[in-house]
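In this text, residue positions in the sequence shown follow my numbering: the first is 12, and each later residue adds one.
Following: one structure in structure tokens, then a few remarks.
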Amino acid sequence: MDIDAIRKFCLSLPHTTEQVQWGADLVFKVDGKMFSVAALEVAPVCLSFKCSPENFVELCERPGIIPAPYLARAQWVALETPGALTNDELRELLAEAYRLVWERLPKGRREALAGDTAKSGKRAAAQRTQRASSVQTTPKKTPSRRS
């Protein structure tokens, strides 16, 4: 996956934000907590992300994947080459990274974020209903019959 595809996928996950940090790294976060970092310039690693302890061990045994510098202790891996994983594997692992971070958020915060989404959805539906009801229809004029 190229950077545009990674960006599109990560931003499709609920409540995800992106931010350029540390000069040229595109960081994807959920509620301010990182779950993936993509290099925007040439670097020793092209993408890093959080993973489960089981996947951390398994992935680090594969060629082109190493423990992420500075983040390995938190079970993050880094891809040295973009082709180290298939696109499907990468999407699955990025979704897992998001889920792992989401599940570590306090329950109240997760509920608040989910409530904000529901409220904005209800608000949008109410606005659509209001717009639809404000559309004025003009009655059709029927020709009068003169005898």
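For glycine and all other residues, C-beta sits at the position ideal for the given N, C-alpha and C.
Remember, it's a predicted structure, so these values are computed and weren't measured experimentally.
Non-local beta-carbon contacts of Met12 in its own chain, meaning distances under 6 Å to residues more than five positions away in sequence, involve Asn98, Leu101 in chain order. Within the DSSP secondary-structure output, Trp87 pairs in a beta bridge with Lys61. A direct Cα-Cα distance of roughly 18 Å separates Val31 from Leu82. Restricting attention to Arg121, Phe67, Val53, Cys21, the CA atom closest to the CA of Ser47 is found in Cys21. Within the same chain, Gly75, Ile76 come within 6 Å of Ala95 by CB-CB distance, once the 5 residues on both sides are set aside. Val68 is classed as exposed because its beta carbon has fewer than 16 other beta carbons within 10 Å across all chains shown. For Ala49, the uninterrupted beta strand (DSSP E) segment begins and ends at 44-50. With fewer than 16 neighbouring CB atoms inside 10 Å of its own CB, Trp33 falls in the exposed class.
In this model, Val56 and Leu116 are separated by some 27 Å (Cα to Cα).
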